[in-house]
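Trainee: I have a structure I would like to understand better, so I am pasting it below and will then ask my questions one at a time.
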Amino acid sequence: MVTIEEALRIIEDQNISLKSESKPLEGALGFALSTNTVSPFDVPEFDNSAMDGYALCGLYQEYQLVGEVAAGDSKDIKLQDGEAVRIFTGAKVPNNATAVMMQEKTSVTDSTLFLDEMPKVGQNIRKRGGQLTEGQTVFEKGHILNPPSLALMGSLGLSQLEVFSRPRVNIITTGNELVKPGEPKTEGQIYESNSYAISGALEQFGFQHHQKTQIRDDFEATKAGIKTALESCDVLIISGGISVGDYDFVKQSLDDNGVNELFYKVFQKPGKPLYFGRKDNQFVFALPGNPASSLTCFYVYVLPLLQKLSGYGSYGLASYQFPIKHAYENRFGRPSFLKATVVDGKVEILDGQGSSMIQSMAKGNALAFVDDGEVLKEGDLVRCKLIS
Ligand code: AMP
Ligand code: MG
């Protein structure tokens with residue numbers, strides 16, 4: 001049995017070699033860049049107008065109107081002192097313009113432009129290179145592409161991005177009692193639900209599962225199912241069958257498939273029977289079958305590994321400290337990840353902390369970490385991982 005910190009350290013310390021690939025801009029969200037990016041040109045590439053209005057030459061309150069420039073126009077207008085042109089947002093500002101006045105502060109009579117106030121030098125002109133200059137580093141290797149990053153890469157004219165590949169994930173669920181939702185079930189059976197939480201949580205962080213298999217509690221079937229799943233994945237996530245019951249065949253089947261145990265059992269609640277192993281460059285998590293345990297272990301342990309394998313520099317759920325709304329004592333005898341809600345900057349520990357109870361987790365939005373035996377009074381700070 002290892003502590004939570006030891007388990008996380010073992011995951012963190014895994015040596016891995018990352019693979020990279022080229023991704024079109026549209027499919028690159030959430031991927032980490034595998035190379036540094038430098039700007040191929042100045043951004044913006046030319047002085048342009050921040051407003052719909054008038055580009056002015058010299059500082060006056062009255063100008064002679066001599067033309068118009070719209071966004072996308074490439075004509076080069078040269079203004080004389082005291083002249084102005086109609087201009088629109090994003091349009092190239094004439095080289096010798098002093099300022100742009102927004103149209104709301106102007107009036108026009110015949111071809112004379114009147115300003116309500118004196119313009120200021122450079123006003124409403126977005127200068128060439130104001131955001132980036134040619135050759136400047138835009139992003140370092142490892143930067144995770146969020147929507148504004150995609151916009152910036154697009155604005156640099158880059159249509160294909162070099163990114164770290166994401167791991168291929170397979171899921172195995174085990175249990176004779178499990179029936180697929182929508183199918184008839186008999187007494188003693190339950191509907192299989194863990195795989196939906198796992199595939200949903202994968203999707204939540206931009207991962208996909210490649211294959212999902214249901215295996216009955218039988219040693220040979222478990223061994224064969226693991227062997228097949230390992231043929232097509234980088235990370236295998238197994239649910240159930242990892243405890244010490246007579247029908248728990250996962251541990252032995254992993255050993256027999258040449259998977260080396262890195263840790264088995266973590267001093268925590270929920271999720272004590274968690275297993276983590278490795279075979280060459282493939283990783284296996286066997287999650288406890290209880291629904292809340294299984295998903296909690298996914299968030300706390302599987303997600304960091306998946307992100308590490310994707311070239312992320314930092315991993316895991318965002319974690320913050322919040323004051324607790326009520327007194328609380330952890331009497332579970334183990335450090336606990338408790339189902340909780342964070343609202344208006346305060347955390348509330350929910351009823352229904354049982355490992356099989358998923359409703360409280362579904363209604364909450366956080367896992368609150370409370371140490372073994374810790375006694376909290378209202379207002380004490382609690383570290384929370386936000387799950388949604
Ligand atoms: P196990 O870890 O296989 O001993 O399972 C522990 C508990 O979790 C049992 O009550 C199982 O019925 C339940 N369980 C295991 N796998 C699943 C699953 N995929 N979906 C829903 N419940 C499950
Ligand atoms: Mg089972």
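Numbering (the UniProt record's numbering), first residue to last: 1 to 388.
Backbone N, C-alpha and C fix where the C-beta goes; we use that ideal spot for every residue, glycine too.
If you draw a straight line from the C-alpha of Lys127 to the C-alpha of Pro24, how long is it?
Mentor: 30 Å
Trainee: Tell me, to the nearest whole angstrom, how far the beta carbon of Ser34 is from that of Val138; I am working on the premise that it is less than 8 Å.
Mentor: That pair is no contact at about 14 Å.
Trainee: Where do the N-terminal and C-terminal ends of the beta strand (DSSP E) with Glu203 fall, by residue?
Mentor: First-last for Glu203: Asn194 to Gln204, but that is the alpha helix (DSSP H), not the beta strand (DSSP E).
Trainee: Measuring alpha carbon to alpha carbon, tell me which of Gly379, Ala292, Tyr320 and Asp344 ends up nearest Tyr328.
Mentor: Gly379
Trainee: Can you tell me where the alpha helix (DSSP H) holding Ser293 begins and where it ends?
Mentor: Pro291 to Cys297
Trainee: What residues in its chain sit with their C-beta under 7 Å from that of Lys269, if we drop five residues either side in the sequence?
Mentor: Phe332, Arg334 and Ser336
Trainee: Could you spell out where the alpha helix (DSSP H) holding Ala7 opens and where it closes?
Mentor: Ile4 to Glu12
Trainee: Residues in the same chain with beta-carbon distance under 6 Å from Gly364, minus the five sequence neighbours each way, listed in chain order, please.
Mentor: Lys339, Ala340, Thr341 and Leu350
Trainee: Based on the DSSP output, what are the partners of Gly277 in its beta bridges?
Mentor: Glu261 and Val284
Trainee: Whole-angstrom Cβ separation of Gly90 and Asn48, contact assumed at under 8 Å?
Mentor: Their Cβ separation, rounded to whole angstroms, is 6 Å, which keeps Gly90 and Asn48 in contact under 8 Å.
Trainee: Answer yes or no: do Ile237 and Leu317 have a C-beta to C-beta separation smaller than 8 Å?
Mentor: Their beta carbons are not under 8 Å apart, which means Ile237 does not touch Leu317 by this criterion.
Trainee: My output table needs one value for Tyr301: the three-state DSSP class, helix, strand or coil.
Mentor: helix
Trainee: So if DSSP puts His209 in a beta bridge, which residue, or which two residues, is it bridged to?
Mentor: Val169
Trainee: Could you give the DSSP three-state label for Met102: helix, strand or coil?
Mentor: Of the three classes helix, strand and coil, the one that applies to Met102 here is strand, per DSSP.
Trainee: From the DSSP output, which residues share a beta bridge with Tyr54?
Mentor: Arg86 and Met101
Trainee: Between the Cα of Ser294 and those of Ile144, Pro119, Lys223 and Thr173, spot the shortest distance and give me the residue it belongs to.
Mentor: Nearest option by C-alpha distance: Thr173.
Trainee: I'd like the span of the alpha helix (DSSP H) that includes Val250, first residue to last.
Mentor: Val250 to Asp256 is the extent of the alpha helix (DSSP H) around Val250.
Trainee: Can you check whether the CB of Leu178 is closer than 8 Å to the CB of Glu192?
Mentor: yes
Trainee: Between which residues of its own chain and Ser74 is the CB-CB distance below 8 Å, once the five residues before and five after are set aside?
Mentor: Lys92
Trainee: Alpha carbon to alpha carbon, how far is Glu231 from Pro288?
Mentor: 23 Å
Trainee: Could you tell me if the beta carbon of Thr173 falls within a distance shorter than 7 Å of some heavy atom in the ligand AMP?
Mentor: yes
Trainee: Tell me whether Pro181 is buried or exposed, calling it buried when 16 or more other Cβ atoms sit within 10 Å of its Cβ.
Mentor: If you draw a 10 Å sphere on the C-beta of Pro181, you find fewer than 16 other C-beta atoms in it, and that means exposed.
Trainee: Is it the case that the Cβ atoms of Val347 and Ala368 are separated by a distance below 8 Å?
Mentor: Yes, they are a contact pair.
Trainee: Have a look at Ile144, Glu68, Phe219 and Phe263 and flag the residue whose alpha-carbon is nearest the alpha-carbon of Leu29.
Mentor: Ile144
Trainee: Classify residue 392 as helix, strand or coil using the three-state DSSP reduction.
Mentor: Outside the displayed span of the chain (1 to 388) sits residue 392, for which this structure offers no information.
Trainee: Identify every residue that forms a DSSP beta bridge with Val93.
Mentor: DSSP lists no partner for Val93.
Trainee: Following the continuous alpha helix (DSSP H) through Gln359, name the residue where it begins and the one where it ends.
Mentor: Gln359 to Lys363
Trainee: In or out: Asp234 buried (at least 16 other Cβ within 10 Å) or exposed?
Mentor: buried
Trainee: For Ile77, count neighbouring Cβ atoms within 10 angstroms of its own Cβ and tell me buried if that reaches 16, exposed if not.
Mentor: buried
Trainee: Could you tell me if the beta carbon of Ser239 falls within a distance shorter than 7 Å of some heavy atom in the ligand AMP?
Mentor: Correct: Ser239 has its Cβ closer than 7 Å to the ligand AMP.
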